[in-house]
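**Student:** Start counting the sequence shown at 546; every next residue gets the next number (the numbering used here). All C-beta atoms, glycine included, are put in the ideal place defined by N, C-alpha and C.
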Amino acid sequence: MSEDEPLDPDAYVEAVLRIAEQVPPGHVVSYGQVAAALGRGGPRQVGRVMATYGATVPWWRVIRSDGTLQESLRGRAREHYLEEGTPLRNRLDQEVRVDMRAAAFEFHGTVGPL
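1. Taking the alpha-carbon positions, what's the methionine 595 to alanine 647 distance?
2. With DSSP as the reference, identify every bridge partner of serine 575, one or two as the case may be.
3. For the alpha helix (DSSP H) containing leucine 562, name the first residue and the last one.
4. In angstroms, rounded to a whole number, what distance separates the CA positions of serine 575 and arginine 609?
5. To which residues does DSSP link leucine 633 through a beta bridge?
6. Relative to the C-alpha of asparagine 635, which candidate in Gly612, Glu651, His625 and Gln567 has its C-alpha closest?
7. Among residues of its own chain, excluding the 5 on either side of histidine 625, which ones have a beta-carbon nearer than 7 Å to its beta-carbon?
8. Assuming valine 641 contacts alanine 622 (C-beta within less than 8 Å), just tell me the rounded distance between them.
9. Given a cut-off of 9 Å, decide if arginine 585 and tyrosine 557 are closer than it, judged by their beta-carbon atoms.
10. From the DSSP output, which residues share a beta bridge with alanine 649?
So this is what it looks like as structure tokens:
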């Protein structure tokens, strides 16, 4: 499927959630990395999928490229990060921020056609 063809929304949701399930404990990927692995959409589309459908997968492993999640999720995510040993950055303001370099999970190639 080329980028010019219409995107099947259900297939896109399934593909995003499948990627989230593949990220191992202690690692994270950014919304943009997921979109790049799929070869379709962008960070905002991935973020929308995770916000709407991500409760059934390890949602705390798919985050913003700056290492954060939306504020309302940070406390719950921090519990998961500590349990999994996800590398965090120390910040004076106590904001939960993942060390993206240390925690990065790299996809090789694309996930497959949508």
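**Tutor:** In this structure, then:
1. The residue labelled residue 595 in the question sits at position 50 within the sequence shown. The residue labelled residue 647 in the question sits at position 102 within the sequence shown. Looking at the two C-alpha atoms, the distance is approximately 23 Å.
2. Sequence index remark: in the sequence shown, residue 575 carries index 30 (1-based). Ile608.
3. Taking the sequence shown and counting its residues from 1, the one referred to as residue 562 is at position 17. Unbroken alpha helix (DSSP H) run through leucine 562: 554 to 567.
4. As a position in the sequence shown, residue 575 is number 30, starting the count at 1. As a position in the sequence shown, residue 609 is number 64, starting the count at 1. Roughly 5 Å between the two C-alpha positions.
5. Reading the sequence shown from its first residue, position 88 is the one you call residue 633. Leucine 633 pairs with Val643.
6. Position 90 of the sequence shown, counting from 1, holds the residue named residue 635. Ranking Gly612, Glu651, His625 and Gln567 by Cα distance to asparagine 635 puts Gly612 first.
7. Locating residue 625 in the sequence shown gives position 80, counting from the first residue. Result list for histidine 625: Trp605, in chain order.
8. If you number the sequence shown from 1, residue 641 lands on position 96. If you number the sequence shown from 1, residue 622 lands on position 77. Yes, valine 641 and alanine 622 are in contact; Cβ-Cβ is about 6 Å, under 8 Å.
9. Here residue 557 corresponds to residue number 12 of the sequence shown, with the count starting at 1. Here residue 585 corresponds to residue number 40 of the sequence shown, with the count starting at 1. Contact flag set, yes.
10. Within the sequence shown, residue 649 is the residue found at index 104, counting from 1. DSSP lists Val573 as partners of alanine 649.
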